[in-house]
Amino acid sequence: MKHPIAIDLFAGSGGLTLGLKQAGFRVIGAIEIDPLAAETYRFNHSSTKIWEKDIRKVRIIELMKSLKIKKGELDLLAGCPPCQGFSTLRTLNGNQQIKDPRNSLIFEFIRFVKQMKPKTILLENVPHLAKDKDFEILGKGLEKLGYSWNWKILNASDFGVPQRRQRLILLAGLNGNLNFKTSKCKSQTVRKTIDHLPPAGNSGDPLHDLCEKRSLLVRNRIKLIPQNGGSRKSLKEEYQLACHKKGTGFKDVYGRMSWDKVSPTITGGCINPSKGRFLHPSKNRAITLREAALLQSFPRNYYFSLRRGKHAAAILIGNALPPKFVKYHGLGIKEYLTKIKGP
Ligand SMILES: C[S@@+](CC[C@H](N)C(=O)[O-])C[C@H]1O[C@@H](n2cnc3c(N)ncnc32)[C@H](O)[C@@H]1O
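Laid out in C-alpha cells, this is it:
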C-alpha cells in the first residue's frame with residue numbers, strides 16, 4: 012500500500028497533516044474554521060482540498076462527492092479536536108468537569124465515521140480527556156460502529172521530538188486492534204535543534220527576526236536569570252514580581268530552557284516568558300517563533316502566517332501536533348492497512 016488516503020479534521024496549521032505525509036499518506040481533505048490557520052495550512056499543503064468552515068456545518072455527503080470517495084474507501088480519518096475544555100487547568104486536575112461547548116466537537120468524529128466508515132481513525136487530545144465521561148461515550152460510539160479502539164498517553168519526546176509533550180492518542184480500526192508502534196528514538200536536545208540558527212534579528216527569516224518590546228525592568232530580570240536552565244527563584248528580591256514573592260505562581264515562569272534537555276511543552280504562549288519556561292538557554296530573550304516551530308519538529312522552511320501578528324502565529328505553533336510524533340503513528344497505521352489489504 013503506497014499512499015493510503017487520509018482526511019484531517021480540525022487541521023490547524025497542518026502539523027498532523029505533515030506527519031501523515033512524512034509517513035507516506037496522501038491527505039486529500041482538511042477542515043479548519045480559523046482563517047489564519049487555514050491560510051497557513053493552504054500555503055504548506057496546496058494539494059489538499061480545505062473546507063474553511065465550522066465542521067458542524069460541513070455536509071459529509073458533499074465532501075465525499077467532492078473528494079471522489081465512497082463509504083468505506085477512506086484509509087484514515089484523523090484529527091485533533093480543540094482540547095481547551097479538557098486541559099488540566101480547566102478541569103482542575105480532572106476532578107471537576109467543565110462545560111465547554113467546544114468539548115462536544117469530539118462527537119463530530121462519530122458523525123464522520125458513521126457516514127464515511129474509514130478503515131482507521133486517529134484522534135489526539137490532552138491526557139485529561141481520558142477522565143472525561145465524553146471519552147467513554149466516544150469509545151462506546153466507535154464500538155457500536157464496529158471499531159476496535161485503543162488509547163495511550165504518550166510523550167512526544169520518546170519519539171524524537173525535542174520537547175516534553177504528553178498527549179492522548181486514540182487509534183481505532185475496523186479490522187481488529189490497531190496497535191501502537193513502539194519507538195526506539197533517542198531524545199533530542201534543545202541544543203541540537205536551535206543552537207545552529209543564525210542570530211535572531213537579521214537572519215532573513217521573518218519568524219526568527221521579530222523584535223521583542225519589553226520594559227527595562229523585565230529586560231534586566233531576564234538578564235539575571237542564570238543561563239542554561241536557570242529559574243526566577245535565583246532573582247534578587249527587587250527583581251521578583253510581587254505575586255512570586257509570596258511563593259505562588261508557576262515555578263517555570265521566567266525560566267530558561269536547558270541546552271542539553273528537551274524543551275518544556277510549547278504552548279500558544281511560547282514567546283512570552285511570563286507564560287512558562289520560554290527563555291532561550293543563553294540569549295537574553297524568549298525563544299523566537301522559528302525556534303518554537305523547530306522544537307515542535309516542523310522543518311526549517313515551514314510557513315506560518317504573521318498576518319495577525321506574532322502572538323496569533325505562536326498559537327498556531329503551540330496548537331500543532333508535532334509532525335515527527337505523528338509520523339510514527341502514521342507508519343503503524345500504514346502497516347495495519349497493508350495487513351488488511353495487502354501491499
Ligand atoms: C488542536 S488544533 C489542531 C492542530 C492541528 N492538528 C495541527 O497539528 O496543526 C484545533 C483546531 O481546531 C479548530 N477548530 C475549532 N473549532 C472548530 C470548528 N467548529 N470547526 C472546524 N475547526 C475548528 C481550531 O481553529 C484549531 O485550529
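If you want my numbering, it's the 1-based position in the sequence shown plus 11.
The beta carbon of each residue, even a glycine, is placed where N, CA and C say it ideally should be.
Remember, it's a predicted structure, so these values are computed and weren't measured experimentally.
- The three-state secondary structure of Arg-288, taken from DSSP, is coil.
- In the three-state reduction of the DSSP assignment, Asn-55 falls in the helix class, which pools H, G and I.
- The three-state reading of DSSP puts Ser-168 in helix, counting H, G and I together.
- In the three-state scheme derived from DSSP, where H, G and I count as helix and E and B as strand, Lys-163 is classed as strand.
- Contact annotation: Leu-332 and Glu-50 have beta-carbon atoms that are not nearer than 8 Å.
- C-alpha of Ser-198 to C-alpha of Ile-298: approximately 20 Å in a straight line.
- Taking C-alpha positions only, Trp-160 is separated from Asn-114 by approximately 20 Å.
- Looking at the backbone, the Cα of Val-201 and that of Phe-123 are separated by about 39 Å.
- In its chain, beyond the 5 residues on either side, Phe-289 and Ala-297 have a beta carbon closer than 7 Å to the beta carbon of Asn-283.
- Note on Ile-18: 16 or more other CB atoms within 10 angstroms of its CB, so buried under the neighbour-count rule.
- One alpha carbon belongs to Phe-191, the other to Arg-225, and they sit about 45 Å apart.
- A Cβ-Cβ distance of about 22 Å is found for the pair Leu-74 and Val-337, leaving them out of contact under the 8 Å criterion.
- Collapsing the DSSP output to three states places Gln-126 in a helix.
- Ligand 1 approaches Ile-42 closely enough that one of its heavy atoms is under 7 Å from the residue's Cβ.
- Annotation note: the region 216–266 contains the following uninterrupted alpha helix (DSSP H) runs of length 4 or greater, listed N- to C-terminal: 217–220, 227–235 and 253–256.
- Beyond the five residues adjoining it in sequence on each side, Ala-211 comes within less than 6 Å, by CB distance, of His-219 and Thr-299 in the same chain, given in chain order.
- At a cut-off of 7 Å, the beta-carbon of Leu-179 does not count as near ligand 1: no heavy atom of the ligand is closer than that.
- Lys-130 sits buried, since 16 or more C-beta atoms from the chains shown fall within 10 Å of its C-beta.
- Here Ser-24 is not near Phe-261, since their CB atoms are 8 Å or more apart.
- His-291 counts as buried, since no fewer than 16 other beta carbons sit within 10 angstroms of its beta carbon.
- The Cβ neighbour count for Gly-343, taken over all protein chains shown within 10 Å, is at least 16; the residue is labelled buried.
- Pro-173 places its beta carbon less than 8 Å from that of Ser-274.
- The alpha carbon of Glu-119 has as its nearest neighbour, out of Arg-267, Ile-44 and Ile-66, the alpha carbon of Ile-66.
- Exposed is the label assigned to Thr-193, since fewer than 16 other Cβ atoms lie within 10 Å of its Cβ.
- One thing to note: Lys-345 has its Cβ within 8 Å of the Cβ of Ala-34.
- The Cβ-Cβ distance between Leu-20 and Ile-44 does not fall below 8 Å.
- Sequence-distant Cβ neighbours of Cys-94 in its own chain, meaning closer than 6 Å and more than five residues away, are Asn-136 and Val-137.
- For Asp-19, the enclosing beta strand (DSSP E) covers residues 16–20.
- If you draw a straight line from the Cα of Asn-312 to the Cα of Ala-89, it is about 24 Å long.
- A direct Cα-to-Cα measurement between Glu-302 and Lys-60 gives close to 29 Å.
- Close CB contacts of Lys-321 within its chain, under the 7 Å cut and outside five residues either way in sequence, are with Leu-221, Ile-282 and Leu-300 (chain order).
- If you check the CB distance, Gly-40 and Leu-78 come in under 8 Å.
- In the three-state reduction of the DSSP assignment, Ala-49 falls in the helix class.
- A residue is called buried when at least 16 other Cβ atoms come within 10 angstroms of its Cβ; Asp-271 does not meet this threshold and is exposed.
- By the 16-neighbour rule on beta-carbons within 10 angstroms, Asn-188 is exposed.
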